């Protein structure tokens, strides 16, 4: 009887270790996703803008020319980059709050201003530098806060948390899936 | 009168952007953590769940309305006013809407972040 309990505990401990490793990998991926949202959004906007400027002004009464604008390689690349932005943004929204994702990815505005200054050698006014400082400050405020505060979908419950609940309650894993407070889910988010 | 049109347009853009963001965020919470789903059930399950969620389509529709309102607003007012004002209002509106409709805990830190980013965007694009 004792031997069987020891075996079960050992198995649980191993499962916890495996899951914590997976959580760490996902955490790194989550940072990559946020960085991807920022970079693809900024790059998509600037490439699309460059392509549209090459085409010149388009009248709203001449809709076919808008469709043919897709044939411009810069416009096509801009659309692909913005599609990647949308997919990554939706991915980020699946595991983080809206009020976390929006400020965290607003560094794209800063990237655009910095690329205008250092790549395109445009003049950046004092007000714009102040804007960059404020956005960076806002991102800094968000960086230390939990990624998810709302009640998560049950699919977001990691096996690690289910195993922790089971170990605490002495019930089989998954039995307490619906009772988990949101704060526990937070600990498995970007913060960990 | 022209100012009324411009600010009406800006408020409409911000409203539909917030509606779109909130609907997309709600839809993705209903779909579940994409990383975990990909690991457990594969890509097609994720794609299926996303494409069968009505909130996604309503969110995209709201964002489309916001985009076309932006086009109209740009014909009435300057880009340097319309774009940053709409973006800033969207940031603040999202914080309110996320608290009310998505039940996110928008604490003082998140409010400060939203206000800083909104002000920064207004200064950057203005």
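Chains as they are written, first to last, in this note's numbering: chain A, 1 to 192; chain B, 1001 to 1126. Even for Gly, the Cβ is constructed at its ideal location relative to N, Cα and C. A quick note: this is a predicted structure, and the numbers were derived from the prediction, not measured.
Option in the options with minimal Cα separation from residue i
| i | options | result |
| --- | --- | --- |
| residue 219 of chain A | A/117, A/116, A/97, A/36 | There is no way to answer for residue 219 of chain A, as the model of chain A reaches only from 1 to 192. |
| residue 1006 of chain B | B/1102, B/1080, B/1121, B/1104 | B/1080 |
| residue 138 of chain A | B/1074, B/1110, B/1098, B/1058 | B/1110 |
| residue 84 of chain A | A/149, A/33, A/144 | A/33 |
| residue 1113 of chain B | A/133, A/128, A/111, A/119 | A/133 |
| residue 1014 of chain B | B/1046, B/1119, B/1087 | B/1087 |
| residue 203 of chain A | B/1076, B/1116, B/1106, B/1072 | Residue 203 of chain A lies beyond the range of chain A shown here (1 to 192); nothing can be said about it. |
| residue 49 of chain A | A/74, A/120, A/31 | A/74 |
| residue 86 of chain A | A/144, A/38, A/68 | A/38 |
| residue 120 of chain A | A/46, A/64, A/103 | A/46 |
| residue 1115 of chain B | A/125, A/108, A/102 | A/102 |
| residue 1004 of chain B | B/1047, B/1026, B/1082, B/1018 | B/1082 |
| residue 1028 of chain B | A/143, A/31, A/65, A/95 | A/95 |
| residue 111 of chain A | A/100, A/135, A/90 | A/135 |
| residue 1053 of chain B | B/1026, B/1078, B/1100, B/1094 | B/1026 |
| residue 143 of chain A | A/118, A/125, A/107 | A/107 |
| residue 1063 of chain B | B/1019, B/1072, B/1125 | B/1019 |
Where residue i falls: helix, strand or coil (DSSP)
| i | result |
| --- | --- |
| residue 147 of chain A | coil |
| residue 1019 of chain B | helix |
| residue 1112 of chain B | helix |
| residue 172 of chain A | The pLDDT assigned to residue 172 of chain A is 45, lower than 50, so where the model puts this residue is not dependable, and the model offers no usable value. |
| residue 106 of chain A | coil |
| residue 1102 of chain B | coil |
| residue 121 of chain A | coil |
| residue 50 of chain A | helix |
| residue 57 of chain A | coil |
| residue 45 of chain A | helix |
| residue 1077 of chain B | coil |
Alpha carbon of residue i to alpha carbon of residue j, nearest angstrom
| i | j | result |
| --- | --- | --- |
| residue 175 of chain A | residue 1055 of chain B | Below a pLDDT of 50, predicted positions are generally treated as unreliable, and residue 175 of chain A, at 40, falls in that range; the measurement from the model is reported next regardless. Roughly 30 Å between the two C-alpha positions. |
| residue 93 of chain A | residue 105 of chain A | 12 Å |
| residue 1002 of chain B | residue 1070 of chain B | 15 Å |
| residue 131 of chain A | residue 113 of chain A | 10 Å |
| residue 44 of chain A | residue 76 of chain A | 10 Å |
| residue 1036 of chain B | residue 1042 of chain B | 9 Å |
| residue 1108 of chain B | residue 141 of chain A | 10 Å |
| residue 1023 of chain B | residue 1059 of chain B | 5 Å |
| residue 116 of chain A | residue 123 of chain A | 8 Å |
| residue 1033 of chain B | residue 56 of chain A | 42 Å |
| residue 1074 of chain B | residue 1084 of chain B | 12 Å |
| residue 53 of chain A | residue 40 of chain A | 20 Å |
| residue 42 of chain A | residue 1049 of chain B | 28 Å |
| residue 1012 of chain B | residue 1066 of chain B | 7 Å |
| residue 61 of chain A | residue 1104 of chain B | 44 Å |
| residue 1038 of chain B | residue 29 of chain A | 13 Å |
| residue 98 of chain A | residue 1076 of chain B | 31 Å |
| residue 1118 of chain B | residue 128 of chain A | 13 Å |
| residue 195 of chain A | residue 69 of chain A | The shown model of chain A, from 1 to 192, leaves out residue 195 of chain A, and the question about it has no answer. |
| residue 1051 of chain B | residue 67 of chain A | 25 Å |
| residue 1091 of chain B | residue 1009 of chain B | 17 Å |
| residue 1045 of chain B | residue 1031 of chain B | 10 Å |
| residue 78 of chain A | residue 51 of chain A | 8 Å |
Heavy atom of the ligand NAP within 7 Å of residue i beta-carbon
| i | result |
| --- | --- |
| residue 102 of chain A | Only the bare structure without any ligand can be found here, which leaves the ligand NAP out of the picture. |
Would you mind listing the alpha helix (DSSP H) stretches within the segment 63-113 of chain A that are 4+ residues and don't spill past its ends, in chain order? The segment 63-113 of chain A contains these whole alpha helix (DSSP H) runs: 63-68, 73-95, 98-104.
_Sequence ranges, alpha helix (DSSP H) only - wholly within the segment 1023-1074 of chain B, length at least 4_ = Counting only runs of 4 or more, we get 1034-1041, 1043-1051.
| request: Output, in sequence order along the chain, the residues in the segment 94-115 of chain A whose CB is closer than 7 Å to any CB in chain B. | output: Taking 7 Å as the Cβ-Cβ cut-off against chain B, the residues of the segment 94-115 of chain A that qualify are 94, 95, 97, 98, 99, 102, 103, 106, 109, 113.
Q. Going along the chain, which residues of the segment 1090-1124 of chain B sit with their C-beta nearer than 7 Å to a C-beta in chain A?
A. Contact residues of the segment 1090-1124 of chain B toward chain A are 1091, 1094, 1095, 1098, 1102, 1103, 1104, 1105, 1106, 1109, 1110, 1112, 1113, 1114, 1116, 1117, 1119, 1120, 1121, 1123, 1124 (C-beta to C-beta distance below 7 Å).
Practice task
Pull out every residue of the segment 130-145 of chain A whose Cβ sits closer than 7 Å to any Cβ of chain B, in chain order.
Solution key: 130, 131, 132, 134, 135, 137, 138, 141, 142, 145: these are the residues of the segment 130-145 of chain A whose beta carbon lies less than 7 Å from some beta carbon of chain B, given in chain order.
Practice task
Give, in chain order, every residue of the segment 1053-1080 of chain B whose Cβ lies closer than 7 Å to some Cβ of chain A.
Solution key: Of all residues in the segment 1053-1080 of chain B, none is placed with a Cβ closer than 7 Å to any Cβ belonging to chain A.
Original post:
Taking a cut of 7 Å between CB atoms, which residues from the segment 41-57 of chain A lie near chain B?
Top reply: Those residues of the segment 41-57 of chain A that come within reach of chain B (Cβ to Cβ, closer than 7 Å) do not exist; the list is empty.
Which residues, taken in chain order from the segment 1004-1025 of chain B, show a beta carbon closer than 8 Å to some beta carbon of chain A? Interface annotation for the segment 1004-1025 of chain B against chain A: 1021, 1022, 1024, 1025, criterion Cβ-Cβ distance under 8 Å.
Against chain A: residues of the segment 1023-1048 of chain B by CB proximity under 7 Å: Correct list: 1024, 1025, 1028, 1029, 1030, 1031, 1032, 1033, 1034, 1035, 1036, 1037.
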